[in-house]
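Visitor: One structure is given below, represented as structure tokens, and several questions about it will come after.
Below, the structure written as structure tokens:
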């Protein structure tokens, strides 16, 4: 996915973060898989209309990725104008804040879960998942580029935003048609 194409698809209210732009560039140079079944995908207002059953969320969510089942990875501009990375399950399930910012999301991706939105983030990926889904080059890139460590589990990234989970669910409930 070309970073400029992805940025151009975003709503005017949300800019493409530099970390997601860098992820696009890394993927263009290195290919897939990044981590598990996650793939970059252009934002499309029609996808949000279908998911919500209305236009109520347009402008406050910018899709930048998807899972194999059609789950959406989005930047959510919350009512307080903060931005988080969220997961919206394809069937209206598995709705939660994945990370408080794009760098934390890259760290979460680098762990190597096959489906972040449905994985037990309190446990490390299974041996089979590690063999199939961990991209050592991607892990090194995240670590070296941003001078961060890759945690063993996703809990340390996802759990601190527990209040945001409730806020996201309430925000979605208000907008579903």
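In this note's numbering, the protein residues as written are 33 to 209. C-beta: ideal position from N, C-alpha, C; glycine also.
To the nearest angstrom, how far is the alpha carbon of residue 183 from that of residue 140?
Guide: 8 Å
Visitor: Which same chain residues end up closer than 7 Å to residue 154 when comparing Cβ atoms and leaving out the 5 residues on each side of it in sequence?
Guide: If we look at residue 154 and ignore the five residues flanking it on each side, its Cβ neighbours are 185, 187.
Visitor: Just reading off the beta strand (DSSP E) that residue 115 is part of, what are its end residues?
Guide: 115-120
Visitor: Please classify residue 67: is it buried, with 16 or more other beta-carbons within 10 angstroms of its beta-carbon, or exposed?
Guide: buried
Visitor: Given this structure, state the Cα-to-Cα distance separating residue 200 from residue 127, to the nearest angstrom.
Guide: 8 Å
Visitor: So, under 8 Å CB-CB, residue 76 and residue 41 are touching, yes? Tell me the CB distance rounded to an integer number of Å.
Guide: Indeed they touch by this definition, with Cβ atoms about 7 Å apart.
Visitor: How long is the line joining the alpha carbons of residue 39 and residue 176, rounded to whole angstroms?
Guide: Using only the alpha carbons, I get a separation of about 25 Å.
Visitor: Taking the Cβ atom as the reference point for each residue, do residue 117 and residue 103 lie within a distance shorter than 9 Å?
Guide: no
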